[in-house]
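In my numbering, the protein residues as written are 1101 to 1279.
This is how it looks when you write it as structure tokens:
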């Protein structure tokens, strides 16, 4: 039996905690990508009273990602998650249930086009775009909430290793930094 002190708090742990090795990897001298673990944020599924347009929209400290009618995933800091209580409609807390990577840098589109079966051209997947798709045998949600040269990819927590492996393999020819 494992003994745990009653006063020891349970701390959140990213699904990538034992998987990501911080540093520079892949093709030397390139550094075209940054792969960042952004899993430790609040997450909720919300059914909004008024249908939301498809895509990713920033509202305050949260991003509302809608890829199907009547269901929106809200990603944000814990304070932003508290604002969900004011919404009409059911809210399901999903905090901790997803592994989320942010991939940024000038080569993100080229690298991820080897993994994602969606058109990543800026005219098709610009700021505010979102897609639910399958890639590398994984069901995933992909979105761009702002004009930054970046995309966020979410999978179920148990598939963190597979997502990281697929993204790192696609990024290796370009060189990448992990955080």
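Each residue gets a CB set at the ideal place from its N, CA and C atoms; glycine is no exception.
For residue 1150 versus residue 1211, is the C-beta distance shorter than 8 angstroms?
No, the Cβ-Cβ distance between residue 1150 and residue 1211 is not below 8 angstroms.
Answer yes or no: do residue 1191 and residue 1156 have a C-beta to C-beta separation smaller than 8 angstroms?
Not a contact, by the Cβ cut-off of 8 angstroms.
Note down, one range per segment and in chain order, each alpha helix (DSSP H) of at least 4 residues found wholly within the stretch 1240 to 1276.
Counting only runs of 4 or more residues that sit fully inside the stretch 1240 to 1276, the alpha helix (DSSP H) segments are 1260 to 1271, in chain order.
To the nearest angstrom, how far is the alpha carbon of residue 1260 from that of residue 1174?
In a straight line, the C-alpha of residue 1260 is about 19 angstroms away from that of residue 1174.
So what's residue 1193 in DSSP terms, helix, strand or just coil?
Here residue 1193 carries a strand assignment [DSSP, helix/strand/coil].
Length at least 4, wholly inside the stretch 1195 to 1230: the alpha helix (DSSP H) runs in chain order
Taking only runs of at least 4 residues, the alpha helix (DSSP H) segments lying wholly in the stretch 1195 to 1230 are 1208 to 1212.
C-beta atoms of residue 1199 and residue 1257 nearer than 8 angstroms:
Contact flag set, yes.
Report yes if the C-beta distance between residue 1208 and residue 1268 is below 8 angstroms; otherwise report no.
Cβ atoms of residue 1208 and residue 1268: not closer than 8 angstroms.
Using only CA atoms, which one of 1243, 1233, 1279 lies nearest to residue 1227?
Ranking 1243, 1233, 1279 by Cα distance to residue 1227 puts 1243 first.
Could you tell me which uninterrupted beta strand (DSSP E) segments, each at least 3 residues in length, are contained entirely in the stretch 1122 to 1146, listed from first to last along the chain?
Runs found: 1123 to 1125, 1133 to 1137, 1142 to 1146.
Measure the beta-carbon distance from residue 1167 to residue 1230 and round it to whole angstroms, keeping in mind my assumption that it falls under 8 angstroms.
Contact holds; Cβ gap of about 5 angstroms.
Three-way DSSP call (helix, strand, coil) for residue 1173 in this model
Reduced to three states, the DSSP call for residue 1173 is strand.
Residue 1121: buried (16+ other C-beta within 10 angstroms of its C-beta) or exposed?
Classification for residue 1121: exposed.
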